[in-house]
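Accompanying notes for the structure given below.
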Amino acid sequence: MMTRSRSADAAKRSTSSLGNEEIIERNSDHVDFRSTTNGIDKKTTGEKNMKAHQASLKGDQGNIAVLTFLYILQGIPLGLAGAMPMLLQTRKVAYKDQATFSFVFWPFSMKLLWAPIVDTVYFSRFGRRKSWLVPVQYLLGIFMLVLSKHINKLLGESDEEGPSIVFLTGIFFCLNFLAATQDIAVDGWALTMLSRENVGWASTCNTVGQTAGFFMGNVVFLALSSADFSNRYLRTQPSSDGVVTFSGFFYFWGIVFLITTTLVGLLKREKSEQELHGEESVEGVVDGYKTLGKILRCPSILSLIVILLTFKVGFSAADSVTGLKLIEAGVPKENLALLAIPMVPIQILLPLYISRYTAGPRPLDLGLKAFPYRLFMGVVIMMCVWWANVVRGPGEEFFPLHFYIVILLVYAIHQVALYCMFVSFMAFHAQISDPRVGGTYLTLLNTVTNLGGNWCQTLALWLVDGLTWTNCIDAAVPGLHCSSKTSAKDCTNAGGVCQTVIDGYYVESIVCVVIGIVWLRWKGQKTRSLQDLPESAWRYQ
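Every position in the sequence shown, counted from 1, becomes a number in the working numbering once 1 is added.
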């Protein structure tokens, strides 16, 4: 079976801005249900071959280029989806609407549900992977071309109704669903496209390509679509629009998807079943789901699943709401996105350094030690949001340089705690995985981990508005309030101003930290004790 050490979420971790941890901390591994070779062994073998033989890339340079470009394409819709919450926040949508939109990030965390179908259903004459890759990428291209004609209207730029949240959520959910399906196909193709001695390059293509794609779809797009950024740094004559528009960006990448998919479909040949010589023997769809069922019946796995579904609750407010609150306070969205650039080297080197301390028999110890520090950084981040609302003096338009320096330092320290936990849990997952089905095992655990972040971050966004208390002051009509868009409009029409008395973000942040402390006392020792279980406790019957 096949698994990936890092997925699209690794790319997202590399390029996300502060507060968008619903993008940052995901690792959606994929398993190939038809390959009988366990994913850990295959990955390890590739790495050993790379180190031991320093294998020549002759004959694989083109394959590496193709794979990297396919991963770049995959990163584009993911980056655009990651940019949308910031764009919506500048349009002052409700946090419940942000919660609704957060469902677009779920497909990469749930692709285990349809991965067996992608791995086992195909047209042999066209190619096992191309049977899915080509139609899925055509659909992505067509989606983007159609969206380029309607995206401005959907964002509410031409009317007073505001963005069409439900419709936007459905569209970007479909885009990410298609990108996740493309990811499954490309991951599987990488193992047979590359020669055995160079198969270790698959993860490099994955990381480099998806990071570059997400960076272009997120950071580059946000910067170039900003009129302020474009006028300051790219133009001699100011304009009311950025050098790139949302519709133009969609149109360009829609054309790129269609052209490159056609070229891959016509020119890139896939190895036949006979050429693979049994490298990928068949395990059917039903067998794949049966294996998952057997793993889920293991008592120790059930205990671990409870932990994975709950341990991120304490960080959910800081991770999912902070970036949006900074934008609400006036921090330009493109500046937040650009803060990710100096973080890239740190995010690449941190896992390498941390892995020294997670390579032993008790990798979770480091993650549990980092847990209270990450909770504390949630409080610090909350204070940064408060500071953002008061740091500018009367009449000052721009935030001072020292504000961004402090935000960057806080983000860097936060990343240390985040990666200590992330790497330790991933190391533990690899350690306990049953070697008979290593890919399936890892994918299941990482999927549950992702869902543990998704549900609580969506809930955190949804609760912000309900926990916020606002009053209508100085209105000609007494008794007005600002608890909804309609009532806020009534307040404004009556000459009043909506004033926030209690911001739900601060309430939620404190509650989350308290929940995190309670969780550490409730499940901390249980989590440590999982490392003491014998190997047989993790084996399914």
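Backbone N, C-alpha and C define an ideal beta-carbon position, used for all residues, glycine too.
Are residue i and residue j close, meaning C-beta to C-beta below 9 Å?
{"i": "residue 183", "j": "residue 137", "result": "yes"}
{"i": "residue 325", "j": "residue 532", "result": "no"}
{"i": "residue 428", "j": "residue 359", "result": "yes"}
{"i": "residue 535", "j": "residue 432", "result": "no"}
{"i": "residue 214", "j": "residue 76", "result": "yes"}
{"i": "residue 243", "j": "residue 253", "result": "no"}
{"i": "residue 449", "j": "residue 342", "result": "no"}
{"i": "residue 227", "j": "residue 335", "result": "yes"}
{"i": "residue 265", "j": "residue 67", "result": "yes"}
{"i": "residue 322", "j": "residue 462", "result": "yes"}
{"i": "residue 72", "j": "residue 206", "result": "yes"}
{"i": "residue 290", "j": "residue 117", "result": "yes"}
{"i": "residue 130", "j": "residue 193", "result": "yes"}
{"i": "residue 78", "j": "residue 171", "result": "no"}
{"i": "residue 298", "j": "residue 139", "result": "no"}
{"i": "residue 352", "j": "residue 420", "result": "yes"}
{"i": "residue 416", "j": "residue 349", "result": "no"}
{"i": "residue 426", "j": "residue 310", "result": "no"}
{"i": "residue 119", "j": "residue 127", "result": "no"}
{"i": "residue 494", "j": "residue 482", "result": "no"}
{"i": "residue 74", "j": "residue 257", "result": "yes"}
{"i": "residue 249", "j": "residue 145", "result": "no"}
Taking the alpha carbon of residue i as the reference point, which residue from the options has its own alpha carbon closest?
{"i": "residue 524", "options": "245, 170, 229 and 372", "result": "372"}
{"i": "residue 454", "options": "109, 206, 80 and 393", "result": "109"}
{"i": "residue 59", "options": "196, 146 and 513", "result": "196"}
{"i": "residue 221", "options": "206, 247 and 238", "result": "247"}
{"i": "residue 90", "options": "425, 469, 442 and 331", "result": "331"}
{"i": "residue 457", "options": "318, 120 and 151", "result": "318"}
{"i": "residue 518", "options": "380, 185 and 490", "result": "380"}
{"i": "residue 507", "options": "464, 520 and 296", "result": "464"}
{"i": "residue 441", "options": "416, 397, 489 and 293", "result": "293"}
{"i": "residue 61", "options": "203, 516 and 400", "result": "203"}
{"i": "residue 543", "options": "155, 124, 187 and 473", "result": "The structure shown does not extend to residue 543, since the chain spans only 2 to 542, so no value can be given for it."}
{"i": "residue 389", "options": "200, 132, 406 and 374", "result": "406"}
{"i": "residue 430", "options": "437, 445 and 257", "result": "445"}
{"i": "residue 175", "options": "107, 199 and 150", "result": "107"}
{"i": "residue 83", "options": "216, 198 and 200", "result": "216"}
{"i": "residue 70", "options": "416, 374, 348 and 262", "result": "262"}
{"i": "residue 503", "options": "495, 387, 362 and 328", "result": "387"}
{"i": "residue 115", "options": "473, 286 and 303", "result": "286"}
{"i": "residue 377", "options": "539, 514 and 94", "result": "514"}
{"i": "residue 391", "options": "414, 424 and 327", "result": "327"}
{"i": "residue 314", "options": "491, 516 and 88", "result": "516"}
{"i": "residue 179", "options": "111, 199 and 168", "result": "111"}
{"i": "residue 477", "options": "191, 497, 399 and 460", "result": "497"}
{"i": "residue 340", "options": "422, 410, 251 and 509", "result": "410"}
Based on the DSSP output, what are the partners of residue i in its beta bridges?
{"i": "residue 500", "result": "472"}
{"i": "residue 482", "result": "472"}
Taking buried to mean at least 16 other C-beta atoms within 10 Å of its own C-beta, is residue i buried or exposed?
{"i": "residue 85", "result": "buried"}
{"i": "residue 234", "result": "exposed"}
{"i": "residue 403", "result": "exposed"}
{"i": "residue 475", "result": "exposed"}
{"i": "residue 333", "result": "buried"}
{"i": "residue 487", "result": "exposed"}
{"i": "residue 103", "result": "buried"}
{"i": "residue 354", "result": "exposed"}
{"i": "residue 143", "result": "exposed"}
{"i": "residue 164", "result": "buried"}
{"i": "residue 152", "result": "buried"}
{"i": "residue 63", "result": "exposed"}
{"i": "residue 469", "result": "buried"}
{"i": "residue 368", "result": "buried"}
{"i": "residue 147", "result": "exposed"}
{"i": "residue 208", "result": "buried"}
{"i": "residue 528", "result": "buried"}
{"i": "residue 47", "result": "With a pLDDT of only 40 at residue 47, under the threshold of 50, the placement of this residue in the model should not be trusted; the figure read from the coordinates follows. Answer is buried; the Cβ neighbour count reaches 16."}
{"i": "residue 537", "result": "exposed"}
{"i": "residue 526", "result": "exposed"}
How about residue i: is its C-beta nearer than 9 Å to some C-beta of chain B?
{"i": "residue 434", "result": "Among the chains in the structure shown there is no chain B, since it carries only a single protein chain."}
Which ranges would you report for the alpha helix (DSSP H) in the region 335-407 if only whole runs of at least 4 residues count? List check, alpha helix (DSSP H) in window: 345-359 and 365-389.
Minimum length 4: unbroken alpha helix (DSSP H) runs contained in the region 133-201: Segments of the alpha helix (DSSP H) lying fully in the region 133-201: 166-194.
Counting only runs that start and end within the region 215-278, where is the alpha helix (DSSP H) found for 4 or more residues in a row? Counting only runs that start and end inside the region 215-278, the alpha helix (DSSP H) elements of at least 4 residues fall at 222-225, 228-234, 247-268 and 274-277.
For a minimum of 3 consecutive residues, which ranges assigned as the beta strand (DSSP E) are wholly contained in the region 70-123? As far as the region 70-123 is concerned, it has no whole beta strand (DSSP E) run of at least 3 residues.
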